[in-house]
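Only one structure is covered here, and it is reproduced in the block below.
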Amino acid sequence: MRPRLLSLYAAAAFAFLHLPLAILAVFSFNASRFTVWQGFSLHWYRALAQDRELMESAVNSLTIAAVSNVAATIAGTLAAYGLWKRASPWLSSGMYLSLVTPEIVTGISLLAFFEWAFRFLNLRLGMHTVILAHVGFSLAYVVVVILARLRNFDTSIEEAALDLGASPFAAFRLVTLPYLAPAVAAAALLAFTVSIDDYVITSLVAGVDSQTLPMVIYALARRGVNPVLNAVSTIIVAGLGALVLVSERLRHR
Amino acid sequence: MNRLRAWFLAPSWALMLATLGAPLAIVCVYSLRSRGAYFGVEAPWTLENYTRLWDALYGVIVLRSFWIAAVSTALCVALGFPLALFISRAGPRKNLYLALVILPFWTSFLIRTYAWMFLLRDTGLINTLLQSVGLIREPLPMLYNSGAVILGLVYGYLPFMVLPLYATLERLDPSLLEAAADLGARPLDTLWRVIVPLSAGGIRAGAILVFVPCLGTYLTSDLLGGSKTVLIGNLVQDQFTAARDWPFGAAASLALMALAMALLFAVRRKGEDLL
Amino acid sequence: MKRRTFLTSAVALTTAACTSRPRLNVYNWSDYVAPDTVAKFERETGIRVRYGTYESNNEMLAKVAGGNSGWDVVFPSAEYIGPMRDLGLLQPLRHEWLHNLDALDSYFRFPPWDADLRWSIPYMHGVTGIAYQRTLPTVDSWSALWDARLAGKITMLDDPPEVLGACLKLLGYSVNSREPDQLRQAQRAAVEQKRLLRAYLNAEARDQLVAGDIAAAQAWAVTAGQAIASAPERLAFAFPREGFARFADTMAILRESRRIEAAHRFIDYLLRAEVSAAIVQATQTATANAAALRLLPEATRENPVLYPSRETLARGEWFEPQPAALQRLRDRLWTEIKSS
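Read top to bottom, the protein sequences are chains D, G and R. Residue 83 in our numbering sits at position 65 of the first sequence; the count goes up by one each step and never skips. Residue 16 in our numbering sits at position 14 of the second sequence; the count goes up by one each step and never skips. Residue 135 in our numbering sits at position 125 of the third sequence; the count goes up by one each step and never skips.
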């Protein structure tokens, strides 16, 4: 009985999560720009394709998310392992602080810090500042997820590896890391999500060349209902959904 | 082992110093300065920003923020736990379900919030449906109040609860559950007395990842609360934009961070580290 | 030897390619040009334009105040020109590079905030009034937004000078009042209004006006104009009899810019009648460019919402920059309004 109930609940939960998206998708084909259905149309998708700003910002967002994701996941996994071995109150507090700080504060303080640093460095705001900011705030998420899984890890397996002559790094690489693989994947997923959706911090530290998708979307959305946004959302979901289905197929080969 | 650990921690130290340490120092400095006329900070040094926080006006905001964050977190735990349990038991389809959880959140948060506004408005989808079926006569005010904000927060942060919970539940030893069943425990008992305690780590990780951002949220309360429901996040945000009082905003956010840190210290178990 | 030659020439070519096409970085409000405005400029001049947008003056100021944001042309609102000039952020304009200055409306040729157009060129302008459903009895006063019968269906702008301005006007004072006592009265009026208020909304109010969720909203003429265009039988716009605020957005060049000539060319391009007219057609804003107005259809020129009569405009007041101490008071009052 339990599994049936659980499955039913899961179905309802997934419906809740996807309902707004479904609505957006339906109305992305609405001929009218208002929330009254007035016929099927691909008008908004055409408008989307012609919007140079939107396209460029999408590329920027993906680049930033990909680069910062890799860096944050690597640094975070290593840090979680190190913290698990022996606690570091300062680093842990720092990580926690970075989660607690309101985004506007992180953004303004990073902007001030960069402005100050640029007096000596002859740089200006740009993709590099955004990526650095993103790695910074993604790190704590990665560490939290991986540490949660490490706490359930049986250290005796690692010790056995060490007893058998493996170096500490080899023990980590060959024993612990494979165990951590699902958590690393979950953490990377989380970091990517956090990065690709960030508006506040990014808008403050972005430079002339680093307009991101959330920034463009925020501008559009502030003007009211705009079906181009529906089209954006539908494309993202459809694309990602396809990606997921394809990867599932490949795994089952 | 210690050398290895030092190397492993080094990148994070560097990152934290650059993206947290130095900027935080700047925020502390800001909180002790006076505001510039149109923008920024200037001399003289002052403690006025902190003394100003003691006003009852801001106390109400703090309480309201904690309340909304707590309710949202509790709802996330209640709604997220069964979902994470389901996914962890789903066998080969695990990754598919995980992706389904994450998928909505790869679209813009702003767009999703606007979707909810469309659903919740007086002339929105839900009210229109309810009225056409005859269940209600006047539209229900579902937008621009605390309820809408909580809904938005739960919707926005559910995956931050589900993912860590899943990571913990996935590693649950099934033989423990079999043992419980062998000893005569009913499924509900097994849940409460075996599964939940064993996944406490995941619940706490998830609760942190949800409660803290909820505490500092501002976009949700801005959009779904109609910019009327002022939470700490809105207060701070306003200081750095419309109200142009950076020092006060810095002091308010340092107070917020101190509160959250104190809370976490209170919640952590003896001998255990923060994270 | 061959490898070195190849490398040096490769580097030389790349740098040449990077610097051969001149650039310009323009930072504007969102939705303030026509879809092809920038592209046409690029084609005509060969200058590659990077176009970024912002949502508020404060956001723009936060980015450019450091003096090395990378932007060349920005669009501050009129009351920010004085402060930005005092902060040393603006470049004095070279009128000899601006050939289309006479396209400007005679009033905006010598605006009150920058009479010799030394720092800024007026771009678009508007007023703040009340957009409302026609089913309501005549709306002609700010007190309509304090009407208890409309509770839950009233919105105000999410903008401190606008909200305080409306309250001050309701009480019979100037929007630029410098009397702390008057400002406090205005703040109390705003707090009183919160019980009746649906939300603080800017441009989002448009769709809700059209849908009927909002009965009366404090709105910019632009927003109201767009809403009325979608539902002309149901919506209307009022210029309150107590008076109202006027605003203008201007074009300016940042002092940090190293592409001053290109920046002037862009501003001059936007001053061209056909370009400005095309922008107005796309954005439905009110332009300060008289030559452009002459090119527009009569319906646009006679639009009472965007181009009201002189008698109506006489009741309007331009926002002025405030001295530091009063700015602090106003901002603190805004925080208190929002927090209660």
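C-beta: ideal position from N, C-alpha, C; glycine also.
When DSSP builds the beta bridges, which residues end up paired with residue i?
i      : result
R:E327 : R:A255
R:A227 : R:A141, R:T165
R:R33  : R:R58
R:S87  : R:D259
R:A246 : R:Y142
R:P122 : According to DSSP, which records beta bridges pairwise, R:P122 is partnered with nothing at all.
R:Y64  : R:W39
R:I131 : R:M261
R:G136 : R:F257
R:R114 : It is Leu, not Arg, that sits at residue 114 of chain R in the sequence shown. Looking at the DSSP assignment, R:L114 forms a beta bridge with R:N299.
G:F250 : DSSP lists no partner for G:F250.
D:F58  : D:N48
R:L99  : R:L99 is not bridged to any residue.
How should residue i be labelled, buried or exposed, when 16 other C-beta atoms within 10 angstroms of its C-beta is the threshold for buried?
i      : result
D:E121 : buried
R:Q337 : buried
R:K348 : buried
G:C78  : buried
G:G203 : buried
D:S79  : buried
D:A209 : buried
R:F254 : buried
D:E176 : buried
G:I138 : exposed
G:G273 : Per-residue confidence for G:G273 stands at a pLDDT of 48, beneath the threshold of 50, marking its modelled position as unreliable; no derived number is given.
Alpha carbon to alpha carbon, how far is residue i from residue j?
i      : j      : result
R:S240 : D:I126 : 39 Å
R:L281 : D:A237 : 25 Å
R:F51  : R:D82  : 16 Å
D:A28  : G:L102 : 11 Å
R:R128 : D:R70  : 34 Å
R:I270 : R:L71  : 20 Å
R:P147 : R:P250 : 14 Å
R:F85  : R:P331 : 16 Å
R:R60  : R:I289 : 18 Å
D:L8   : G:L160 : Examination of residue 8 of chain D is not possible in this model, given that chain D is present from 19 through 271 alone.
D:A67  : R:A196 : 48 Å
D:T23  : D:A30  : Here residue 23 of chain D turns out to be Leu, not Thr, going by the sequence shown. Looking at the two C-alpha atoms, the distance is approximately 11 Å.
D:A6   : G:T21  : Missing from the structure shown is residue 6 of chain D; chain D here goes from 19 to 271 and no further.
R:A283 : R:F120 : 19 Å
G:V151 : R:A141 : 27 Å
D:G225 : R:P171 : 29 Å
D:N140 : R:Y37  : 22 Å
G:L49  : G:V43  : 14 Å
D:A105 : D:I254 : 40 Å
D:R64  : R:E214 : 24 Å
G:W69  : G:A209 : 14 Å
D:F187 : G:L6   : 7 Å
G:L121 : R:T55  : 47 Å
G:Y116 : D:W102 : 41 Å
D:I41  : D:S213 : 25 Å
R:L97  : G:L171 : 57 Å
R:D168 : R:L211 : 5 Å
G:P249 : G:N51  : 7 Å
### Query
Any contact of the segment 83-90 of chain G with the segment 184-198 of chain D, i.e. 3+ C-beta pairs under 8 Å?
Below 8 Å, too few C-beta pairs join the segment 83-90 of chain G and the segment 184-198 of chain D to call them touching: fewer than three.
### the segment 185-205 of chain G contacting the segment 168-180 of chain R, beta-carbon criterion three pairs below 8 Å
When Cβ pairs closer than 8 Å are counted between the two stretches, the segment 185-205 of chain G is seen not to touch the segment 168-180 of chain R, the count staying below three.
### Message
Across the segment 241-259 of chain D and the segment 124-139 of chain G, are there enough close Cβ pairs to call them in contact, namely three or more that are closer than 8 Å?
### Response
They do not touch, by the three-pair rule.
### Task
Report the residue ranges of all alpha helix (DSSP H) runs contained in full by the segment 123-177 of chain D; include only those spanning at least 4 residues, in chain order.
As far as the segment 123-177 of chain D is concerned, its whole alpha helix (DSSP H) runs of at least 4 residues are 145-168.
### Inter-stretch contact at 8 Å, needing at least 3 Cβ pairs: the segment 101-109 of chain D / the segment 3-14 of chain G
Counting C-beta pairs with one atom in each stretch, the segment 101-109 of chain D and the segment 3-14 of chain G have three or more that are closer than 8 Å, which means they touch.
### Query
Per the contact definition of three or more C-beta pairs closer than 8 Å, is the segment 33-48 of chain R in contact with the segment 207-217 of chain G?
Between the segment 207-217 of chain G and the segment 33-48 of chain R there are fewer than three C-beta pairs closer than 8 Å, too few to call the two in contact.
### Task
Examine the Cβ distances between the segment 148-168 of chain D and the segment 87-107 of chain D and report whether three or more of them are shorter than 8 Å.
Enough Cβ pairs lie closer than 8 Å, so yes.
### Message
List, from N- to C-terminal side, the beta strand (DSSP E) runs of 3 residues or more that fit wholly inside the segment 160-221 of chain R.
### Response
Unbroken beta strand (DSSP E) runs of no fewer than 3 residues, entirely contained in the segment 160-221 of chain R, are found at 164-166, 207-210, following chain order.
### Query
Contact between the segment 146-164 of chain R and the segment 201-209 of chain R: three or more CB pairs below 8 Å?
Yes, since at least three Cβ pairs between the segment 146-164 of chain R and the segment 201-209 of chain R fall closer than 8 Å, the two stretches touch.
### Message
For the structure I just gave you, are there three or more beta carbon pairs, one from the segment 20-35 of chain G and one from the segment 226-233 of chain G, closer than 8 Å?
### Response
Too few Cβ pairs lie closer than 8 Å, so no.
#### Entry: Runs of alpha helix (DSSP H) wholly within the segment 160-213 of chain G (minimum 4 residues, chain order)
With a minimum length of 4 residues, the continuous alpha helix (DSSP H) runs that stay inside the segment 160-213 of chain G are 176-184, 189-192.
### Whole runs of the alpha helix (DSSP H) within the segment 11-89 of chain G, excluding any shorter than 4 residues
Positions of the alpha helix (DSSP H) runs, each at least 4 residues long and wholly inside the segment 11-89 of chain G, are given as 24-33, 50-53 in order along the chain.
#### Entry: Inter-stretch contact at 8 Å, needing at least 3 Cβ pairs: the segment 128-140 of chain D / the segment 195-211 of chain D
Counting Cβ pairs under 8 Å, fewer than three are found: no touch.
### Task
For the segment 87-98 of chain R and the segment 142-158 of chain D, state whether three or more C-beta atom pairs, one from each stretch, are separated by less than 8 Å.
No, the segment 87-98 of chain R does not touch the segment 142-158 of chain D.
### Message
Would you call the segment 106-121 of chain R in contact with the segment 256-274 of chain R, where contact means no fewer than 3 C-beta pairs closer than 8 Å?
### Response
Short answer: they touch.
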